[in-house]
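Reading through the structure tokens given below for one structure.
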Amino acid sequence: MQGDGTIEGSPRNETCANSDSCGTANSSSLSEGISPAADTVRRAANPVPLYLIPQAIAEEIHRHGDAIAEVHVARTRGHTYRITVKTWPRRDARAA
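Heads up: take any position in the sequence shown, counting from 1, add 1131, and you land on our numbering.
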């Protein structure tokens, strides 16, 4: 059955007509080469144990609201985790 988009039961190996994919990537980018947004502010909370991560993130969300750009959780020594929050600078209410 050739009309259903398969060849002998396997999907066809074609690129989409509306994408510019030409196979796999042939080069990689280093994370150091990616520059962070210049107008973000980084804030690190005190290390917390695993079971308190949801509460700590919820506290940061309540504190910063829609200004949050990124949240990172990294394991530190002693089975604790460091939560780093990047926020956009607060806009002046009169400017909006």
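Yeah, the Cβ is synthetic: ideal placement off N, Cα and C, and Gly gets one too. Fair warning: this is a prediction, and the values are worked out from it, not measured in the lab.
Separation of Val1172 and Gln1186 (C-alpha to C-alpha, rounded to the nearest whole angstrom) is 21 Å.
Comparing C-alpha distances from Arg1221 to each of Ala1176, His1193, Leu1181, Ile1199 shows the shortest one belongs to Ile1199. A Cβ-Cβ contact shorter than 8 Å links Tyr1212 with Val1204. When DSSP states are grouped into helix, strand and coil, Arg1208 belongs to the coil group. Here Thr1207 is exposed: its Cβ has fewer than 16 other Cβ atoms, across all protein chains shown, within 10 Å.
Arg1194 has its alpha-carbon roughly 12 Å from the corresponding atom of Arg1174. Counting of Cβ neighbours within 10 angstroms places Ile1214 among the buried residues, the total reaching 16 or more.
For Ala1189, the enclosing alpha helix (DSSP H) begins and ends at 1184 to 1195.
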